[in-house]
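What follows is one structure encoded as structure tokens, with my remarks underneath.
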Amino acid sequence: MTAASYEVLVHAGAHCCGAEDFQRFLGANRAALKASDIDLAYPGRTGAPGGTFDCALPEPRHEGAEIEAIAGKVAATLAPAFEGGRRMILSEHDLAGRMANLLGGRFYPAARKRAEALREALDQPVEHLVMTVIPYDELFVAAWRRFALDRLMEPFAEYAPAMATFTGGWVDTIEAMRDALGARQVTILATRPSPKELLTHLAPALRLQEPALPAPMPVITDSAIAMIQRHYRQSARFAPGQRERILAFHARQPQAAVEHGFAGLQLADLKGRYVADIDTLARMQGVTVVGNFMPAMAAE
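See below:
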């Protein structure tokens, strides 16, 4: 498979940053995008409307000799998505690496190798790379919550020390992906956009008339997580749709403030590190940062 005749636009959807909502939006508007000569490639979920394929990119090993084999698997996975359009939107929420690494304080250590594998599979540079980023403390809490939906977890406080001293960060991850993909343009969204806004940033010249807007993903609240974790501790099983009903019910209830486990200085350091890293990204060659995040951070 070769993408040489395509303009490839990549949405690297970091975890807990709205990738699922965006992918469902792409699926709902697949026909309109196809009419605009845009093909889609993204993992989707089983049963998700418009999903092109259902497997995430393979996790490459760190030996350089492995990249060719990984790239071959990626190319084979992507091949059916190239149907004759002129542009390709590729959205992958695992492109930078597995979410489990965040729990151990490792910020996407495989990002460069995964991007190298995708670049070799595409056989051409990426025209535009877009990522949404959120503050580190919010990302770590959100990642723990996602895991807590599916399994019994230790309290968040058990993970906080490793997260508070994490290695890597947005700067290292985005720089590695920009260089490995050969991205000609990079846009970093420092405020979480709606799916429609994200598409506008990814493909500015594209205009969809009255795009379909799927219902947003359910809000994950602390009270819902507490009930779900209680369920797991009792070794109970969820009936089909039960967790979704729990999430929907608690999303409508008032939420008490919860102390998740970051000590005061840890929290301050995480917030300060995020501000400094966004400032560094804004100074990076070929990178545009979108979002007026500074006033909100200063207010905290």
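One point on numbering: in full-length UniProt numbering, the residue at position 110 of the sequence shown is 110, and numbering is uninterrupted. Built from N, CA and C at the ideal position, the CB exists for glycine as well.
- Between P155 and A28, is the Cβ-Cβ spacing less than 8 Å? Taking the first residue of the sequence shown as 1, we reach residue 155 at position 155. Taking the first residue of the sequence shown as 1, we reach residue 28 at position 28. Cβ distance not < 8 Å, so P155 and A28 don't count as in contact.
- Query: In this structure, what does DSSP give as the bridge partners for F107?
  - Reply: As a working note, residue 107 is residue 107 in the sequence shown. Bridge partners of F107: G168.
- Whose CA, out of A115, L103, P211, R30, lies closest to the CA of A12? Along the sequence shown, read from residue 1 onward, the residue named residue 12 stands at position 12. Residue A115 is the option with its Cα nearest to A12.
- Query: Which of helix, strand or coil does DSSP assign to I228?
  - Reply: For the purposes of this step, residue 228 is taken as the residue at position 228 of the sequence shown. In this structure, I228 counts as helix in the three-state DSSP scheme.
- Task: Answer with buried or exposed for E83, where buried requires no fewer than 16 other C-beta atoms within 10 angstroms of its C-beta.
- Result: Along the sequence shown, read from residue 1 onward, the residue named residue 83 stands at position 83. Label assigned to E83: exposed.
- Message: According to DSSP, S91 sits in a beta bridge with which residue or residues?
- Response: Translated into the one-based positions of the sequence shown, residue 91 becomes position 91. Note: S91 sits in a beta bridge opposite H11.
- Three-way DSSP call (helix, strand, coil) for I220 in this model: For the purposes of this step, residue 220 is identified with residue 220 of the sequence shown, where counting begins at 1. It is coil, neither helix nor strand.
- Straight-line Cα distance separating V8 from H128: On the sequence shown, residue 128 is found 128 positions in, with the first residue counted as 1. On the sequence shown, residue 8 is found 8 positions in, with the first residue counted as 1. Each residue's Cα considered, the two are about 7 Å apart.
- Message: As an exercise, report each continuous beta strand (DSSP E) stretch of at least 3 residues that is fully enclosed by the stretch 109-137, in chain order.
- Response: 128-132
- Message: With a threshold of 8 Å, are at least 3 pairs of Cβ atoms found where one atom belongs to the stretch 230-246 and the other to the stretch 269-278?
- Response: no
- Same chain, Cβ closer than 6 Å to M99, five either side skipped, listed in chain order: On the sequence shown, residue 99 is found 99 positions in, with the first residue counted as 1. Counting only Cβ-Cβ distances below 6 Å, and skipping sequence neighbours, we find H15, A143.
- Task: Examine the Cβ distances between the stretch 182-201 and the stretch 217-230 and report whether three or more of them are shorter than 8 Å.
- Result: no
- Residue from G104, A110, Y42 with nearest C-alpha to I70: Translated into positions along the sequence shown, residue 70 becomes position 70. The residue with the shortest Cα to Cα distance from I70 is A110.
- Extent of the continuous beta strand (DSSP E) to which Q185 belongs: For the purposes of this step, residue 185 is identified with residue 185 of the sequence shown, where counting begins at 1. Unbroken beta strand (DSSP E) run through Q185: 185-189.
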